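Q:
Residue numbers (our numbering): 797 to 1029.
Here is the structure:
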């Protein structure tokens, strides 16, 4: 599993990595570009490409790492879920420069797991992120906004999708997860949305990264979901 953190760093993934290690699942917690005031605009699609490159990296070294190249799953949290969803629904899309990292290596994951992400491409810093305002007349800016909407591209999903969303979280996030689920279903894709009662943002982890009781319950749901779709060899 490729673990993609949100705002912060990969240390936030320690609880999930420990859980998966106990279950015999190897994980790869990655760094992605986090935009700073000094980061040149546009930022998109550099962070998205980081996730795609991680999938390519593992696939290209699957033999040396004793991994099955057809069982690479991306799991993202918050902003990381938005990034991971792009990897899921735009496999090997020439819009991204991921092929430049590892030529002739597919960046398509086997599945995607998203926790409390926003999947329509909306961001608080979107003018900087996409290189212009949503009403920009620059065709390149418009192309970035269009490409970043994972809901609109749901038909391209490379594999099954599992989404987690707390019902006490931001209404925009709840609506986004629901819309993404509906779009994937409408495209005939295998998708499950697990709504966690009373849960807010980052309900699965303590500040230290350790899993909360709700996080442990979600982790068991993830494990059951993975086992059903990727049975042990």
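We put the beta carbon where it would ideally sit given N, CA and C, even for glycine. Given the structure is predicted, the values throughout are model-derived calculations rather than measurements.
Quickly, what does DSSP pair residue 957 with across the bridge? List them, please.
A: Answer by DSSP bridge pairing, in chain order: 908, 987.
Q: Taking the CB atoms as reference points, tell me whether residue 953 and residue 980 lie closer together than 8 Å.
A: Yes, the Cβ-Cβ distance between residue 953 and residue 980 is below 8 Å.
Q: Assuming residue 919 contacts residue 912 (C-beta within less than 8 Å), just tell me the rounded distance between them.
A: Rounded, the Cβ-Cβ distance is 15 Å, inconsistent with contact.
Q: Candidates 906, 931, 1008, 944: which alpha carbon is nearest residue 986's?
A: The shortest Cα separation from residue 986 among 906, 931, 1008, 944 belongs to 906.
Q: So residue 823 and residue 851 are in contact, right, with Cβ under 8 Å, and what is the actual spacing, rounded?
A: Contact flag wrong, Cβ pair sits at about 13 Å.
Q: Which residue marks the beginning of the beta strand (DSSP E) containing residue 825, and which one marks its end?
A: Per DSSP, residue 825 belongs to the beta strand (DSSP E) from 824 to 826.
Q: Does the beta-carbon distance from residue 859 to residue 800 come in below 8 Å?
A: In this structure, residue 800 does not lie closer than 8 Å to residue 859 by Cβ.
Q: When DSSP labels each residue in this structure, what does residue 999 get in the three-state scheme?
A: Three-state DSSP puts residue 999 in coil, outside helix and strand.
Q: Taking only the alpha-carbon atoms, compute the straight-line gap between residue 950 and residue 861 and give it to the nearest angstrom.
A: The alpha-carbon atoms of residue 950 and residue 861 are separated by roughly 31 Å.
Q: Label residue 994 either buried or exposed according to how many other C-beta atoms from any shown protein chain fall within 10 Å of its C-beta, with 16 as the threshold for buried.
A: When all chains shown are included, residue 994 counts as exposed.
Q: Using a Cβ-Cβ cut-off of 7 Å (strictly less than) and excluding sequence neighbours within five positions of residue 868, which residues of its own chain qualify?
A: Within the same chain, residue 868 has close Cβ partners 798, 851, 854, 855, 905, 906.
Q: Mapping the DSSP letters down to three states, classify residue 892 as helix, strand or coil.
A: Three-state result, residue 892: coil.
Q: Apart from the five residues just before and just after residue 819, which ones in its own chain have a Cβ nearer than 8 Å to its Cβ?
A: Same-chain partners within the cutoff: 1019.
Q: Taking DSSP's pairing of strands, which residues face residue 871 in a bridge?
A: Bridge partners of residue 871: 799, 909.
Q: Looking at the unbroken alpha helix (DSSP H) that takes in residue 937, where does it start and where does it end?
A: Taken as a continuous stretch (DSSP letters only), the alpha helix (DSSP H) holding residue 937 covers 935 to 944.
Q: So does the region 998 to 1010 actually touch the region 801 to 820, counting three or more Cβ pairs closer than 8 Å?
A: The answer is yes - the region 801 to 820 touches the region 998 to 1010, with three or more Cβ pairs under 8 Å.
Q: If you count every other CB in all the chains shown that lies within 10 Å of the CB of residue 848, and 16 or more means buried, which is it?
A: Looking at its Cβ environment, which holds 16 or more other Cβ atoms inside 10 Å, residue 848 is buried.
Q: Quick one: what does DSSP say residue 1005 is sitting in, helix, strand or coil?
A: Residue 1005: coil per DSSP, three-state reduction.
Q: Looking at the strands, I want to know which residues DSSP matches up with residue 962.
A: Bridge partners of residue 962: 992.
Q: Ordered along the chain, which non-local residues of its own chain (more than five positions away) have a Cβ less than 6 Å from that of residue 1025?
A: Hits under 6 Å: 956.
Q: Can you tell me the Cβ-Cβ gap for residue 930 and residue 941, rounded? I've got them flagged as a contact below 8 Å.
A: Confirmed, Cβ separation roughly 6 Å.
Q: Since residue 864 contacts residue 887 with CB under 8 Å, what's their CB separation in whole angstroms?
A: Contact flag wrong, Cβ pair sits at about 17 Å.
Q: Between which two residues does the alpha helix (DSSP H) containing residue 811 stretch?
A: Its alpha helix (DSSP H) spans residues 810 to 818.
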